[in-house]
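Taking this note's numbering, the leading residue of the sequence shown gets 132, the next gets one more, and so forth. Positions of the beta carbon are idealized from the N, C-alpha and C atoms, including for glycine. Structure first, then comments.
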Amino acid sequence: MSGIENNAEMRVLFVCLGNICRSPTAEGIMRRRLDAAGLAERVVVDSAGTGPWHVGEPPDRRAMAAAAARGYDLSRLRGRQVSPVDLAAFDYVIAMDESNLADLRAMADGRRELLERIALLGDFSAEYRGQPVGDPYYGGAGGFDRVLNMIETCIEGLIVDISGRLVAR
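See the structure below:
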């Protein structure tokens with residue numbers, strides 16, 4: 132971590148299955164939106180997968196292409212697997228779907244202070260409340276655009292939530 136990250140007031144982790152489509156997309160969008168909101172130095176953003184299949188790999192080429200078409204650069208991101216340590220290290224642990232949410236909750240092992248940090252990304256938007264960010268991996272290019280649309284909308288609500296917490300500190 133750089134010095135800026137060590138001084139950050141808030142930490143956000145996005146989690147999907149393999150950390151090559153949805154969660155790195157969310158990380159890239161969040162980084163740019165935080166920068167635009169003047170919050171980039173106050174919030175650390177990362178992403179991870181529940182599974183080990185893509186550790187060290189860049190995001191899926193289709194995810195990178197769809198993101199790049201909207202001005203998001205995912206090229207420097209590399210896959211990693213979420214660990215129990217992450218649950219304590221991050222203020223927000225954001226799951227992309229119910230399966231990821233269940234895996235994270237199981238990892239929390241009933242510890243309330245960790246369970247309170249875990250949420251579904253869709254819950255940060257009235258439009259998508261309770262809805263999963265579908266995995267576009269086995270579909271066509273349109274799936275990546277749908278994922279981008281949903282994540283962009285949900286991140287707006289997440290930034291409002293984070294801003295409120297930062298003001299309250």
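Considering only their Cβ atoms, is the gap separating Ile225 from Leu144 smaller than 8 Å? Position 13 of the sequence shown, counted from the start, is the residue given in the question as residue 144. Position 94 of the sequence shown, counted from the start, is the residue given in the question as residue 225. It is a contact, given that the beta carbons lie within the stated cut-off.
How about Val156 and Ala199: are their beta carbons less than 8 Å apart? Taking the sequence shown and counting its residues from 1, one reaches residue 156 at position 25. Taking the sequence shown and counting its residues from 1, one reaches residue 199 at position 68. Here the sequence assigns Thr to residue 156, which means Val is not the residue at that position. Cβ atoms of Thr156 and Ala199: not closer than 8 Å.
Just confirm the distance between the C-beta atoms of Thr181 and Val216, as a whole number of angstroms; I'd bet it's less than 8 Å. Position 50 of the sequence shown, counted from the start, is the residue given in the question as residue 181. Position 85 of the sequence shown, counted from the start, is the residue given in the question as residue 216. Not a contact, Cβ separation roughly 14 Å.
Nearest candidate by alpha-carbon position, reference Cys147, set Val186, Thr284, Arg201 and Arg207: Taking the first residue of the sequence shown as position 1, residue 147 is located at position 16. Nearest C-alpha to Cys147: Val186.
For Asn231, count neighbouring C-beta atoms within 10 Å of its own C-beta (all shown protein chains included) and say buried if the count is 16 or more, exposed if not. Against the sequence shown, residue 231 aligns to sequence position 100. Asn231 comes out buried.
Per DSSP, what kind of secondary structure is Phe275 in: helix, strand or coil? For the purposes of this step, residue 275 is identified with residue 144 of the sequence shown, where counting begins at 1. In this structure, Phe275 counts as helix in the three-state DSSP scheme.
Would you mind giving the Cβ-Cβ distance between Asn150 and Ala179, rounded to the nearest angstrom? I have them listed as a contact below 8 Å. For the purposes of this step, residue 150 is taken as the residue at position 19 of the sequence shown. For the purposes of this step, residue 179 is taken as the residue at position 48 of the sequence shown. Right, their Cβ atoms sit about 5 Å apart.
Let's test the definition: count the other Cβ atoms within 10 Å of the Cβ of Val291 and tell me whether it reaches 16, buried, or not, exposed. Working through the sequence shown from its first residue, we reach residue 291 at position 160. Exposed is the call here.
With DSSP as the reference, label Leu144 as helix, strand or coil. Walking along the sequence shown from the start, residue 144 turns up at place 13. Of the three classes helix, strand and coil, the one that applies to Leu144 here is strand, per DSSP.
State the CB to CB distance for the pair Arg192 and Ala139, rounded to an integer number of angstroms; the pair is presumed to be in contact (CB under 8 Å). The sequence position of residue 192 within the sequence shown is 61, counting from 1. The sequence position of residue 139 within the sequence shown is 8, counting from 1. Arg192 to Ala139, Cβ: 30 Å. No contact.
Given that a residue counts as buried once 16 or more other Cβ atoms are within 10 Å of its Cβ, and exposed if not, what is Ser206? Here residue 206 is taken as the residue at index 75 of the sequence shown, counted from 1. Ser206 is exposed by the Cβ-count criterion.
Tell me whether the segment 280-288 and the segment 160-172 touch, counting them as touching only if at least three CB pairs, one residue from each stretch, are closer than 8 Å. yes
Cβ neighbours of Tyr259 in the same chain (closer than 7 Å, five flanking residues each side left out): The residue labelled residue 259 in the question sits at position 128 within the sequence shown. Closer than 7 Å at Cβ, skipping near neighbours: Gly253, Met281, Thr284 and Cys285.
Tell me the rounded alpha-carbon separation between Gly270 and Arg300. Position 139 of the sequence shown holds residue 270. Position 169 of the sequence shown holds residue 300. Approximately 43 Å between the Cα atoms of the pair.
Going by C-alpha distance, which of Ile160, Ala219, Glu244 and Ala233 is nearest Arg142? Residue 142 sits at position 11 when you count from the first residue of the sequence shown. Closest option to Arg142, Cα to Cα, is Ala219.
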